[in-house]
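Worksheet for the structure shown next.
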Amino acid sequence: MTQGKTMVVKLGTSVLTRGTPRLNQAHMMELVRCCARARRDGHRIILVSSGAIAAGRERLGHPSLPPTVASKQMLAAVGQIRLIQTWERLFSIHELRIGQMLLTRADLEDRERFLNARDMLQALLENGIIPVINENDAVATAEIKVGDNDNLSALAAILADADLLLLLTDQEGLYTADPRSHPEARLIPTVERIDETVHRLAGGGGSGQGTGGMITKIQAARVAVRAGISVVIADGSDPGIMEEILAGRSAGTFFSAEASPLERRKRWLYGAPPAGDLTVDAGAAAALTKGKRSLLPKGITRVSGAFSRGEVVRILDPSDGELARGVARYNSDALSLIAGRHSAEIRTVLGYAYGSVAVHRDDLILTGDPHGH
Ligand code: GLU
Numbered sequence: 023m024t025q026g027k028t029m030v031v032k033l034g035t036s037v038l039t040r041g042t043p044r045l046n047q048a049h050m051m052e053l054v055r056c057c058a059r060a061r062r063d064g065h066r067i068i069l070v071s072s073g074a075i076a077a078g079r080e081r082l083g084h085p086s087l088p089p090t091v092a093s094k095q096m097l098a099a100v101g102q103i104r105l106i107q108t109w110e111r112l113f114s115i116h117e118l119r120i121g122q123m124l125l126t127r128a129d130l131e132d133r134e135r136f137l138n139a140r141d142m143l144q145a146l147l148e149n150g151i152i153p154v155i156n157e158n159d160a161v162a163t164a165e166i167k168v169g170d171n172d173n174l175s176a177l178a179a180i181l182a183d184a185d186l187l188l189l190l191t192d193q194e195g196l197y198t199a200d201p202r203s204h205p206e207a208r209l210i211p212t213v214e215r216i217d218e219t220v221h222r223l224a225g226g227g228g229s230g231q232g233t234g235g236m237i238t239k240i241q242a243a244r245v246a247v248r249a250g251i252s253v254v255i256a257d258g259s260d261p262g263i264m265e266e267i268l269a270g271r272s273a274g275t276f277f278s279a280e281a282s283p284l285e286r287r288k289r290w291l292y293g294a295p296p297a298g299d300l301t302v303d304a305g306a307a308a309a310l311t312k313g314k315r316s317l318l319p320k321g322i323t324r325v326s327g328a329f330s331r332g333e334v335v336r337i338l339d340p341s342d343g344e345l346a347r348g349v350a351r352y353n354s355d356a357l358s359l360i361a362g363r364h365s366a367e368i369r370t371v372l373g374y375a376y377g378s379v380a381v382h383r384d385d386l387i388l389t390g391d392p393h394g395h
């Protein structure tokens, strides 16, 4: 493990086009250079890149289209290719590989699909690949859309277990009033709590061709800080800001995290009703309580209840005392088949594998110890 941080960087359309009707490749190149430098310093970067619709308009020569969902989907279908090709080419200059993830709300709301998306994102990061995320605009209709990339980036930061979410935009941060109409407006360097006043300050703001204004940024910040992720809203015209923020220097407006992601996730476990039980042998019980290890299928002696992957289960010791609660990485049918077996056999027995553990340490709390230590 490196000491580096995991940071989601959201790039708004206005940052990528610099307010023009086309992608500004020179600016994108600068952004890539900064990502490459952050990588060399041991940080993990995830991009949430807007700009598909703008790139589609550019590619098709700015056609006049009826203002329908289908027109937007068409522009996104054309533009996403151009957008991702541009990122691919620019990152290749630095010998870096990217992986495209197109998400919709439906991928993130269902617990099982959320876990699948999380595993895939982690796989990219573990293999040193830079995820480049956008909403799957070409297929997303209003019902399944997140709708704006600010909120999408907050969800991506949760998926990635990020330390930081950086929202790059065409404003320097959150101001005491709209700086375009109020020259006396001052930049707010730090927001401790996102309350009504903050929401009011964010009213109005918003520019150009992107979807989000300051309001969606504040919504996104709220989601992220509650999940234990700090947020910065800053000016994307100077890509060097990424380094400043990773180095812990202040820039733009900083929103501090309310809890660490781990604490937050574990607290959630207390509230979720258990959907089944896993009884474990004495060795596994000791590994969980004393060794602070994950639960492997090998240590499971009995599976009760019918549950899906992603649901919370109780973990019981050999005399049925509750030891812990955690999120099952396999459903109950699968666990019944692999219980007592070595993790290396999972793929042979099931024909697929979601990793070697039945319940991961990070998704587990020891019951009776409210801090989950
Ligand atoms: N997903 C949209 C795009 O790539 C942008 C949405 C937004 O700007 O918030 O064009």
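Read in the working numbering, the sequence shown has 69 at position 47, and its numbers run on one by one without any break. Note that beta-carbon positions come from the ideal geometry of N, C-alpha and C, so glycine has one too. Bear in mind that the values here come from a model prediction, so they are computed numbers and not experimental data.
TODO: Tell me whether Lys312 is buried or exposed, calling it buried when 16 or more other Cβ atoms sit within 10 Å of its Cβ.
DONE: Along the sequence shown, read from residue 1 onward, the residue named residue 312 stands at position 290. Lys312 comes out exposed.
- request: Go ahead and pull the three-state DSSP assignment for Glu280.
  value: Locating residue 280 in the sequence shown gives position 258, counting from the first residue. In this structure, Glu280 counts as coil in the three-state DSSP scheme.
>> Helix, strand or coil, according to DSSP, for His382 in the structure here?
In response: As a working mapping, residue 382 is identified with position 360 in the sequence shown. Reduced to three states, the DSSP call for His382 is strand.
#### Entry: Ordered list of alpha helix (DSSP H) runs contained in the region 60-123, each at least 4 residues
As far as the region 60-123 is concerned, its whole alpha helix (DSSP H) runs of at least 4 residues are 74-81 and 91-115.
- Close-in-space but distant-in-sequence residues of the same chain around Val371 (CB under 7 Å, 5 per side omitted): Residue 371 sits at position 349 when you count from the first residue of the sequence shown. Excluding residues within five positions, the ones whose Cβ falls inside 7 Å are Leu359, Ile360 and Arg363.
- Message: On the DSSP letters alone, give me the boundaries of the beta strand (DSSP E) that Arg46 sits inside.
- Response: Against the sequence shown, residue 46 aligns to sequence position 24. According to the sequence shown, residue 46 is Asn rather than Arg. Element bounds for Asn46: n/a, residue is neither H nor E.
(Q) My parser needs the beta strand (DSSP E) runs of 3 or more residues fully inside the region 150-197; what are they? (A) Counting whole runs of 3 or more residues, the region 150-197 contains the beta strand (DSSP E) stretches 152-157 and 186-191.
message = Looking at the ligand GLU, does it come within less than 7 Å of Asn353, judged from the CB to the closest heavy atom?
response = Counted from its first residue, the sequence shown places residue 353 at position 331. Not under cutoff, so the answer is no.
For this session: Leaving out five residues on either side along the sequence, give the residues of the same chain with a beta carbon under 7 Å from the beta carbon of Arg127.
Result: The sequence position of residue 127 within the sequence shown is 105, counting from 1. These residues qualify, in order along the chain: Ile166, Lys167 and Val168.
Straight-line gap, Gly195 to Ile115 (C-alpha atoms, nearest Å): Start at 1 with the first residue of the sequence shown, and residue 195 comes out as number 173. Start at 1 with the first residue of the sequence shown, and residue 115 comes out as number 93. Approximately 31 Å between the Cα atoms of the pair.
* Asked: Can you check whether the CB of Ser71 is closer than 8 Å to the CB of Leu112?
  -> Locating residue 112 in the sequence shown gives position 90, counting from the first residue. Locating residue 71 in the sequence shown gives position 49, counting from the first residue. No.
- Query: Is the CB-CB distance between Ala139 and Leu147 below 8 Å?
  - Reply: Within the sequence shown, numbered from 1, the residue matching residue 139 stands at position 117. Within the sequence shown, numbered from 1, the residue matching residue 147 stands at position 125. Taking 8 Å as the Cβ cut-off, Ala139 and Leu147 do not qualify as a contacting pair.
ask   = From Arg61 to Gly327, what does the alpha carbon distance come to, in whole angstroms?
value = To locate residue 61, count along the sequence shown from 1; it is residue 39. To locate residue 327, count along the sequence shown from 1; it is residue 305. Spanning the two alpha carbons is a distance of roughly 44 Å.
Measure the Cβ-Cβ separation of Gly348 and Leu284 and say whether it is below 8 Å.
Indexing the sequence shown from 1 puts residue 348 at position 326. Indexing the sequence shown from 1 puts residue 284 at position 262. In this structure, Gly348 keeps its C-beta atom at 8 Å or more from the C-beta atom of Leu284.
Do Gln122 and Ile106 have their beta-carbon atoms positioned less than 8 Å apart in this structure?
As a working mapping, residue 106 is identified with position 84 in the sequence shown. As a working mapping, residue 122 is identified with position 100 in the sequence shown. For Ile106 and Gln122, yes; Cβs fall inside 8 Å.
*asked:* Rounded to the nearest angstrom, what separates Leu53 and Gly262 at their Cα positions?
replied: Within the sequence shown, residue 53 is the residue found at index 31, counting from 1. Within the sequence shown, residue 262 is the residue found at index 240, counting from 1. Computed Cα separation, rounded: 8 Å.
Per DSSP, what kind of secondary structure is Glu367 in: helix, strand or coil? Translated into positions along the sequence shown, residue 367 becomes position 345. Reduced to three states, the DSSP call for Glu367 is helix.
**Prompt:** In its own chain, which residues sit with a C-beta less than 6 Å from the C-beta of Arg133, not counting the 5 before and 5 after it?
**Reply:** Numbered from its first residue, the sequence shown carries residue 133 at position 111. The answer, listed in chain order, is Gly332.
- What residue from Val213, Gly377 and Gly274 has the CA that sits closest to Ala356's CA? Against the sequence shown, residue 356 aligns to sequence position 334. If we check each option's Cα against that of Ala356, Gly377 comes out closest.
| Does the distance from the C-beta atom of Arg79 to that of Arg104 stay below 8 Å? | For the purposes of this step, residue 79 is identified with residue 57 of the sequence shown, where counting begins at 1. For the purposes of this step, residue 104 is identified with residue 82 of the sequence shown, where counting begins at 1. Contact: no.
For Val381 and Pro392, the rounded distance between their alpha carbons: Residue 392 sits at position 370 when you count from the first residue of the sequence shown. Residue 381 sits at position 359 when you count from the first residue of the sequence shown. For Pro392, the predicted model reports a pLDDT of 39, less than 50, meaning its position is unreliable and no value from the coordinates is stated.
In its own chain, which residues sit with a C-beta less than 7 Å from the C-beta of Ser229, not counting the 5 before and 5 after it?
Taking the first residue of the sequence shown as 1, we reach residue 229 at position 207. With a pLDDT of 46 at Ser229, under the threshold of 50, the predicted position of this residue should be treated as unreliable, though the coordinate-derived value follows. So the qualifying residues of the chain are Ser36 and Asp192.
### Query
Any heavy atom of the ligand GLU closer than 7 Å to the Cβ of Ala246?
As a working mapping, residue 246 is identified with position 224 in the sequence shown. Incorrect: Ala246 has no Cβ contact closer than 7 Å to the ligand GLU.
Exercise for the section: Can you grab the Cα-Cα spacing for the pair Pro295 / Val335, in whole Å? Expected result: As a position in the sequence shown, residue 295 is number 273, starting the count at 1. As a position in the sequence shown, residue 335 is number 313, starting the count at 1. Rounded to whole angstroms, the gap between the alpha carbons of Pro295 and Val335 is 8 Å.
Beta-carbon within less than 8 Å of Ile91's beta-carbon, same chain only, minus the 5 sequence neighbours each way: which residues are those? Here residue 91 is taken as the residue at index 69 of the sequence shown, counted from 1. According to the sequence displayed, residue 91 carries Val and not Ile. The answer, listed in chain order, is Thr163 and Ala164.
| said: Looking only at its chain, what residues have a beta carbon closer than 7 Å to the beta carbon of Asp416, apart from the 5 residues adjacent to it on each side? | reply: Absent from the structure is residue 416, since the part of the chain shown begins at 23 and ends at 395.
TODO: Ignore the nearest five residues each way along the sequence and tell me which others in Glu344's own chain have a CB closer than 7 Å to its CB.
DONE: By one-based count along the sequence shown, residue 344 stands at place 322. Once the five neighbours on either side are set aside, the close Cβ partners of Glu344 are Arg336, Leu338 and Thr389.
Inset, instruction - Select from Gly373, Glu367, Val325 and Ser365 the residue whose C-alpha is nearest the C-alpha of Asn353. - result: As a first step, residue 353 is located in the sequence shown; it is residue number 331 there, counting from the start. Ranking Gly373, Glu367, Val325 and Ser365 by Cα distance to Asn353 puts Val325 first.
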